[in-house]
Amino acid sequence: IFIIQNDVIRFANRRARTVLGYTDEDLSTTAIAKLIHPKDRKQVVTRHRKKLKGEKVPGTHSFRVISKKGKEIWVEHTAVRISWEGQPATLNFVRNITQRRKLDAQLQFAARLEAIGTLAGGIAHAFNNLLMGIQGHISLLLLDLDSKHPHYPALKKIENAIQGGAELTSQLIGSAR
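Read the sequence shown against the working numbering and you will find it ends at 259, with the numbers running on by one and no gaps.
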């Protein structure tokens, strides 16, 4: 919990100071924008200024802050406009959601892997079906062909290659699972 007034933190509770790693003196002399990740800074500062003017802004949003040690911390932020010592300010509630963001990223990665596995399995099955169709025709040709026929060795090589391809697709299906 902290109060922002004149673009600096005028009050921060102990937890806010601990997470950010700054002292009260540091916070009261450091522009709030410098604590926000550069990629999120413009959006957060714009929201803060709108809130100070009394404009309506979405209630809760997430962004990154940078601790004194340079650590990136994801936070979920809610603010309300207040009067602090007779001047406009915002009362801010921030929750560290870094761990939740990491878990969400891991879940998304797992979902992508599952989708890739499903796709690979589907392709492998389709490819295996094609190989089995070719295998069936080669086998029928070889049944009617004498082993001394000039095309017999080439057809046997094709049959062996198909079996190798079938083993490969079987491994791919196993990996997809």
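By construction, the Cβ of each residue, glycine as well, lies at the ideal position given by its N, Cα and C atoms.
Specify, as a first and last residue, the run of the alpha helix (DSSP H) that residue i falls within.
{"i": "residue 259", "result": "From DSSP, residue 259 is part of no alpha helix (DSSP H); its letter is neither H nor E."}
{"i": "residue 101", "result": "96-102"}
{"i": "residue 232", "result": "Premise fails: residue 232 is in no alpha helix (DSSP H) and is neither H nor E."}
{"i": "residue 109", "result": "106-111"}
What is the residue span of the beta strand (DSSP E) that residue i lies within?
{"i": "residue 144", "result": "142-148"}
{"i": "residue 118", "result": "Segment: none, residue 118 is in no beta strand (DSSP E) and carries neither H nor E."}
{"i": "residue 85", "result": "84-87"}
Between the options, which has its C-alpha nearest residue i's C-alpha?
{"i": "residue 171", "options": "93, 256 and 254", "result": "93"}
{"i": "residue 148", "options": "218, 129, 178 and 162", "result": "178"}
{"i": "residue 217", "options": "240, 227 and 249", "result": "240"}
{"i": "residue 150", "options": "117, 132 and 134", "result": "117"}
{"i": "residue 122", "options": "192, 209, 83 and 144", "result": "144"}
{"i": "residue 174", "options": "154, 187, 97 and 196", "result": "97"}
{"i": "residue 135", "options": "95, 165 and 258", "result": "165"}
{"i": "residue 133", "options": "242, 246, 83 and 87", "result": "87"}
{"i": "residue 153", "options": "197, 100 and 254", "result": "100"}
{"i": "residue 259", "options": "199, 194 and 161", "result": "199"}
Within its chain, find whatever has a CB closer than 8 angstroms to the CB of residue i; leave out the 5 residues flanking it on each side and keep chain order.
{"i": "residue 111", "result": "90"}
{"i": "residue 227", "result": "233, 234 and 237"}
{"i": "residue 220", "result": "237, 240, 241 and 244"}
{"i": "residue 105", "result": "99"}
Could you give the distance in angstroms between the alpha-carbon of residue i and the alpha-carbon of residue j?
{"i": "residue 207", "j": "residue 223", "result": "24 angstroms"}
{"i": "residue 186", "j": "residue 251", "result": "32 angstroms"}
{"i": "residue 158", "j": "residue 142", "result": "7 angstroms"}
{"i": "residue 108", "j": "residue 125", "result": "23 angstroms"}
{"i": "residue 249", "j": "residue 256", "result": "11 angstroms"}
{"i": "residue 137", "j": "residue 205", "result": "54 angstroms"}
{"i": "residue 192", "j": "residue 229", "result": "52 angstroms"}
In chain order, what residues of the same chain have a beta carbon less than 7 angstroms from the beta carbon of residue i, not counting five sequence neighbours either side?
{"i": "residue 190", "result": "none"}
{"i": "residue 156", "result": "144, 146, 179, 180 and 183"}
{"i": "residue 113", "result": "89 and 90"}
{"i": "residue 209", "result": "251"}
{"i": "residue 163", "result": "133, 134, 136, 170 and 172"}
Please list, in chain order, all residues of the same chain as residue i whose beta carbon is under 6 angstroms from its beta carbon, the five residues on each side excluded.
{"i": "residue 102", "result": "149"}
{"i": "residue 127", "result": "115"}
List, from N- to C-terminal side, the alpha helix (DSSP H) runs of 4 residues or more that fit wholly inside the stretch 141-225. 180-225
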